[in-house]
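Here's the structure we're looking at; comments come further down.
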Amino acid sequence: MPTVSVLLPVLNGERDIKQCIDSMLAQTLRDFELIVIDDGSTDGTAAVVSAYCDSRIRLISLAENGGTANALNLAWSQSDSKYIALMDHDDIAVPQRLEWQVRMLNGQPRIAAAGGQMNAFGEAQGKVAVPLLDGQIKANLLAATQNLLNPTTMLRRKAIDKTGIRWDAKMSGVFDWAFWCELMFQQVNYANHPEVLLHYRIHGGQQSKDQRHLRPLHAEMRLKILAAFFPDLPLQQATLVEPLLQWIQPPPLHSEAVKSGLQVLSTMLNQPVSRLGEDRNTLNNFLQSCYSRWDQALRPAHA
Numbered sequence: 031m032p033t034v035s036v037l038l039p040v041l042n043g044e045r046d047i048k049q050c051i052d053s054m055l056a057q058t059l060r061d062f063e064l065i066v067i068d069d070g071s072t073d074g075t076a077a078v079v080s081a082y083c084d085s086r087i088r089l090i091s092l093a094e095n096g097g098t099a100n101a102l103n104l105a106w107s108q109s110d111s112k113y114i115a116l117m118d119h120d121d122i123a124v125p126q127r128l129e130w131q132v133r134m135l136n137g138q139p140r141i142a143a144a145g146g147q148m149n150a151f152g153e154a155q156g157k158v159a160v161p162l163l164d165g166q167i168k169a170n171l172l173a174a175t176q177n178l179l180n181p182t183t184m185l186r187r188k189a190i191d192k193t194g195i196r197w198d199a200k201m202s203g204v205f206d207w208a209f210w211c212e213l214m215f216q217q218v219n220y221a222n223h224p225e226v227l228l229h230y231r232i233h234g235g236q237q238s239k240d241q242r243h244l245r246p247l248h249a250e251m252r253l254k255i256l257a258a259f260f261p262d263l264p265l266q267q268a269t270l271v272e273p274l275l276q277w278i279q280p281p282p283l284h285s286e287a288v289k290s291g292l293q294v295l296s297t298m299l300n301q302p303v304s305r306l307g308e309d310r311n312t313l314n315n316f317l318q319s320c321y322s323r324w325d326q327a328l329r330p331a332h333a
């Protein structure tokens, strides 16, 4: 049984997957398996993967595309390693990625999942930084940004299996964020490695570029987070404030809706930490930023 199973779902990745696989085969930690799930590709993806003569690579070919969440769940069921690492087919891991994360999880047994920093390349460039500590990561799950970078993560199988949580295909487009949130509700612990673990390719075909069509799913999950972070906040008030917390591509709102939401938001600052252990300084900074943003948006209407 290898120490790490790397789960690599791919759909029509013929152009980029070789660089990805080569980066995994160059890992300083050699005790791993790479499970490639060809999720109904219609290009030459399977041929590229099959050309490798390395017993650590396993190819699972699906006749039809079932979505990344289902592909990951299938790959999980086909693996038996102590740790599970996630990887996207168009990204490139640094050589020490697996070694660093295994060392981190071995040394900190309370951590259920660990991510890390990454560098973006392609249509956009620069370092994508995330906080290191559990409470900060959890607080940032409300903002749905700067928490865990999905393709950098490694999970402790035993801890995840204990929760029974898997990726939910019904949350298509936000299934990764929803996965981390659902695990948080089970009070697992997170961390991020301080080093860059991955080079993340930015291109026009990515799902995350335009998130407006995901608004209902964002609202559903954010209301669940609000219920966990603010257990005394009535659902009616949470529903009023939730749209104001959509930081990326915020929805258009009537001024009266903004005023009602701001009234609720003002009561949420400086509340005690919930049972989940989120960092309240990080959370309050986000809430204050949301308040200032929408308060400023109202001012031209009063001019």
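In terms of our numbering, the sequence shown opens at residue 31 and continues consecutively. Positions of the beta carbon are idealized from the N, C-alpha and C atoms, including for glycine. If you're wondering where the values come from, they're calculated on a predicted model, not measured in any experiment.
| Item | Value |
| --- | --- |
| Classify histidine 243 as buried or exposed, calling it buried when 16 or more other Cβ atoms lie within 10 Å of its own Cβ. | exposed |
| In terms of alpha-carbon separation, which member of Ser71, Thr193, Cys320 lies closest to alanine 143? | Thr193 |
| Where does tyrosine 220 fall in DSSP's three states? | strand |
| Return the CA-CA distance between glutamine 108 and histidine 223, expressed in angstroms with no decimal places. | 27 Å |
| Using the rule of at least 16 other Cβ atoms within 10 Å of the residue's Cβ for burial, across every protein chain shown, is leucine 183 buried or exposed? | The sequence shown places threonine at residue 183, not leucine. Buried is the call here. |
| Where does histidine 229 sit, in a helix, a strand or coil, going by DSSP? | strand |
| Count the C-beta pairs between the segment 42-50 and the segment 110-121 that are closer than 8 Å, then say yes if the count reaches three, no if not. | yes |
| How big is the Cα-Cα spacing for serine 35 and isoleucine 67? | 13 Å |
| Just the C-alpha distance for alanine 221 and histidine 229, rounded to the nearest angstrom, thanks. | 19 Å |
| Report yes or no: do three or more beta-carbon pairs, one from the segment 143-162 and one from the segment 79-86, lie closer than 8 Å? | no |
| Where does phenylalanine 259 land, buried or exposed, given buried means 16+ other C-beta within 10 angstroms? | buried |
| Could you say which of Pro32, Ser71, Ala76 lies nearest to isoleucine 51 if we only look at CA atoms? | Ala76 |
| Under a Cβ-count criterion, where at least 16 other Cβ atoms within 10 Å of its own Cβ denotes burial, should histidine 248 be classed as buried or exposed? | buried |
| Kindly indicate which residue of Ala123, Ser202, Ile255, Leu135 has the alpha-carbon position closest to the one of threonine 58. | Ala123 |
| Since asparagine 136 is in the alpha helix (DSSP H), which residue starts that stretch and which ends it? | 127-137 |
| Which residue's Cα is closest to the Cα of leucine 172: Leu275, Trp130, Gln138? | Leu275 |
| Assuming asparagine 100 is part of the alpha helix (DSSP H), what are its boundary residues? | 98-107 |
| Which one or two residues does DSSP pair with methionine 184 in a beta bridge? | Ala115, Ala144 |
| On the DSSP letters alone, give me the boundaries of the beta strand (DSSP E) that aspartate 69 sits inside. | 62-69 |
| To the nearest angstrom, report how far apart leucine 92 and serine 202 are at their CA atoms. | 18 Å |
| Alpha carbon to alpha carbon, how far is aspartate 309 from glycine 96? Give it in angstroms, no decimals. | 37 Å |
| Would you kindly work out how many angstroms separate the C-alpha atoms of threonine 269 and glycine 291, rounded to a whole number? | 8 Å |
| To the nearest angstrom, report how far apart arginine 196 and lysine 188 are at their CA atoms. | 13 Å |
| Could you give the DSSP three-state label for serine 35: helix, strand or coil? | strand |
| Does DSSP put alanine 77 in a helix, in a strand, or in coil? | helix |
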